[in-house]
Each structure stands twice: as C-alpha cells, then as structure tokens.
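Novice: In my numbering, the protein residues as written are 14 to 114. Beta carbons: idealized from backbone N, C-alpha and C, even for Gly.
1) Looking at C-beta atoms only, is the number of pairs between the region 100-110 and the region 57-69 that lie closer than 8 Å three or more?
2) Give me, in chain order, the residues of the same chain whose beta-carbon lies closer than 7 Å to that of residue 70; leave out the 5 immediate sequence neighbours on both sides.
3) Give me, in chain order, the residues of the same chain whose beta-carbon lies closer than 7 Å to that of residue 55; leave out the 5 immediate sequence neighbours on both sides.
4) Under a Cβ-count criterion, where at least 16 other Cβ atoms within 10 Å of its own Cβ denotes burial, should residue 27 be classed as buried or exposed?
5) In chain order, which continuous runs of the beta strand (DSSP E) of length 3 or greater are located wholly inside the region 71-107?
Right, here's the structure in full:
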C-alpha cells in the first residue's frame, strides 16, 4: 500500500494531539516514525528512518566539499528545485546504507 500523506502531515497531526506537552509530542513522533520506510518526492527513493533530529531543521547547515556551509533548504532548492515550506520541521535521519525496494 502506497500512502500519499507526508511525514509532515503526521507530525502536524501529532502536534495537535500533544501540543501542550513538547516532550510527549516528540516522543510520540519518534515512536511513530523511527523504523518506518519513506519514499521521497525529490528523488523517488526509499529511506529507513533511524531517528528524528529535533535539534536540526531545514535552516541548519552542513559543510560541502569546498568547506563552505550550506543550509539544507538551499541544497534542496539548488539540487532538486524543491522549496521547503516549513523551515522549522525537524530533520529525519537515515544512518544505514541499506536500500529498500
């Protein structure tokens, strides 16, 4: 079964339920997402969610090969022509190299 809702849809739904308790909200999101496999719209690949990085957002930066810092939001715009609307959402972490089909 291929679902058409997004991870952000689920995060926002859980936020409505646990909005007054940030710790419970983050725990609920992590329990729901960790271990799930998602299909990305930008490259049509699947990834296993290993963690939710609450301390990172699309505004966070990483070092590119030139040594410069690049924000994730700018990376996705430049490389995939995708605009990230919610700049405060947490990032999803995929640590394994295992591919799912």
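Specialist: This is what the structure holds:
1) Taking 8 Å as the limit for Cβ pairs, the verdict is that the region 57-69 does touch the region 100-110.
2) Numbered from its first residue, the chain shown carries residue 70 at position 57. Residues of the same chain with a CB within less than 7 Å of the CB of residue 70, apart from the 5 flanking positions on each side, are 100, 101, 102, 103, 104 in chain order.
3) Along the chain shown, one-based indexing puts residue 55 at 42. Once the five neighbours on either side are set aside, the close Cβ partners of residue 55 are 89, 93, 95.
4) Walking along the chain shown from the start, residue 27 turns up at place 14. Residue 27 is buried by the Cβ-count criterion.
5) Fully contained in the region 71-107 are the following beta strand (DSSP E) runs of length 3 or more, in chain order: 74-76, 82-84, 104-106.
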